[in-house]
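J.: Going by UniProt numbering, the sequence shown opens with residue 1, and the numbers climb by one from there.
Positions of the beta carbon are idealized from the N, C-alpha and C atoms, including for glycine.
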Amino acid sequence: MYQVIGGIISPVNDNYKKKDLVAARHRVAMVQLALQTSDWIRVDPWESEQPQWIETVKVLRHHHRELLRSLPQTEGRNQGKAVSRVPAAVPELKLLCGADILKTFQTPGLWKDEHIQEIVEKFGLVCVGRAGYDSKGYISGSAILQRYQHNIHLAREPVQNEISATYIRRALSQGHSVKYLLPDAVITYIKDHNLYTRVSSCKGNNIQNNLGKTS
Ligand SMILES: Nc1ncnc2c1ncn2[C@@H]1O[C@H](COP(=O)(O)OP(=O)(O)OP(=O)(O)O)[C@@H](O)[C@H]1O
Ligand SMILES: NC(=O)c1ccc[n+]([C@@H]2O[C@H](COP(=O)(O)O)[C@@H](O)[C@H]2O)c1
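Structure representation (structure tokens):
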């Protein structure tokens, strides 16, 4: 049993070569708007502010360090004297992802084995099912994932959610409504900044290529 004390959303760096990502400042702002009503999830821009894209395990190490640093400390005592400062409790940090990420662990050259191992050994994974992705199959097909499967939590959802960011970007670029698929504040932001229109997507790609960045 775990008590979930917080969630961090970390938008990827602009230098991650994924098609159609808009600038990180927009993605951070949109997540911030989407989280306005959350009292436990926050967006953290650290990953997006690094000079280069960085591997996920390094993002986890950073947030883990920050988490430990932020812990309330209790004084250890020896005959009335404070001798050391030890954390009252040590929370864990886990990577939350969809089942498609487990599949990408199999893509040759995409993830280093030692990074996959560190993620599942030191941190742990919480994996949400997605239609068409066989989480259990990916675990049994990987020696590392199998070894640390006690640290991989498959989240069972009462209703499967098939919303995909690719679908939403495509709908926007075709001028279709995405009302009820995104918070209204995010839709307003997208309109105000002219994001994900066909023209702005092309422009975004050019800018990113010029900078040696794609998304
Ligand atoms: N419908 C969903 N159910 C479960 N996990 C999801 C879902 N959509 C996204 N995720 C997870 O959220 C994280 C961020 O996903 P990403 O931003 O790539 O969204 P996406 O919908 O997968 O995008 P795209 O459609 O462009 O691949 C990933 O770990 C992904 O597995
Ligand atoms: N080697 C790695 O650490 C590695 C490889 C591929 C994707 N990722 C991360 O996975 C996340 C999702 O990426 P995709 O949307 O391309 O599946 C991104 O945050 C990206 O940084 C990490």
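What did DSSP end up calling VAL43 once you bin it into helix, strand or coil?
T.: Stepping through the sequence shown from its first residue, residue 43 is reached at position 43. VAL43 falls in the strand class under three-state DSSP.
J.: May I have the straight-line CA-CA distance separating CYS202 from LYS17, to the nearest angstrom?
T.: Here residue 202 is taken as the residue at index 202 of the sequence shown, counted from 1. Here residue 17 is taken as the residue at index 17 of the sequence shown, counted from 1. At CYS202, the pLDDT of 46 sits below 50, so the modelled position is not reliable; the number obtained from the coordinates is stated separately. Roughly 15 angstroms separates the two Cα atoms.
J.: Using a threshold of 8 angstroms, is the CB atom of ALA23 nearer than that to any non-hydrogen atom of ligand 1?
T.: As a position in the sequence shown, residue 23 is number 23, starting the count at 1. It does not: the Cβ of ALA23 is nowhere closer than 8 angstroms to a heavy atom of ligand 1.
J.: Helix, strand or coil: which one does DSSP assign to LYS191?
T.: Counting from one through the sequence shown, the residue named residue 191 turns up at place 191. Looking at LYS191 - three-state DSSP - the assignment turns out to be helix.
J.: Measuring CA to CA, which of LEU102, GLY129, VAL128 and CYS127 is closest to ILE116?
T.: Locating residue 116 in the sequence shown gives position 116, counting from the first residue. Among LEU102, GLY129, VAL128 and CYS127, the Cα nearest to that of ILE116 belongs to LEU102.
J.: Near VAL59, what residues of its chain come up, given a Cβ to Cβ distance below 7 angstroms and the 5 sequence neighbours on each side ignored?
T.: Position 59 of the sequence shown, counted from the first residue, corresponds to residue 59. Taking C-beta separations shorter than 7 angstroms and ignoring five residues to either side along the sequence, the partners of VAL59 in its chain run SER10 and GLU47, following chain order.
J.: Using three-state DSSP, classify HIS153 as helix, strand or coil.
T.: Within the sequence shown, numbered from 1, the residue matching residue 153 stands at position 153. Of the three classes helix, strand and coil, the one that applies to HIS153 here is strand, per DSSP.
J.: By the 10 Å Cβ neighbour count, where 16 or more other Cβ atoms means buried, how is TYR2 classified, buried or exposed?
T.: The count along the sequence shown starts at 1 and reaches residue 2 at position 2. Per the 10 Å Cβ criterion, exposed.
J.: Quick check on DSSP: helix, strand or coil for VAL128?
T.: Translated into positions along the sequence shown, residue 128 becomes position 128. Here VAL128 sits in strand by DSSP.
J.: With respect to the alpha helix (DSSP H) encompassing GLY137, which residues constitute its N-terminal and C-terminal limits?
T.: For the purposes of this step, residue 137 is taken as the residue at position 137 of the sequence shown. 135-140 is the span of the alpha helix (DSSP H), which, as asked, contains GLY137.
J.: Can you look up LEU71 in the DSSP assignment and give me helix, strand or coil?
T.: As a first step, residue 71 must be located in the sequence shown, where it is residue number 71. Here LEU71 sits in coil by DSSP.
J.: Under DSSP, the alpha helix (DSSP H) around LEU145 begins and ends at which residues?
T.: Taking the first residue of the sequence shown as position 1, residue 145 is located at position 145. For LEU145, the enclosing alpha helix (DSSP H) covers residues 143-147.
J.: Taking the CB atoms as reference points, tell me whether TYR189 and LEU33 lie closer together than 9 angstroms.
T.: The residue labelled residue 189 in the question sits at position 189 within the sequence shown. The residue labelled residue 33 in the question sits at position 33 within the sequence shown. Yes, the pair counts as a contact, with Cβ atoms nearer than the cut-off.
J.: Just how far apart, CA to CA, sit HIS150 and ARG198?
T.: Locating residue 150 in the sequence shown gives position 150, where the first residue counts as 1. Locating residue 198 in the sequence shown gives position 198, where the first residue counts as 1. About 45 angstroms.
J.: When we look at the beta-carbon of ILE119 and count the other beta-carbons within 10 Å, is it buried (16 or more) or exposed?
T.: For this step, residue 119 is matched to residue 119 along the sequence shown. Counting Cβ neighbours within 10 Å, ILE119 comes out buried, since at least 16 surround it.
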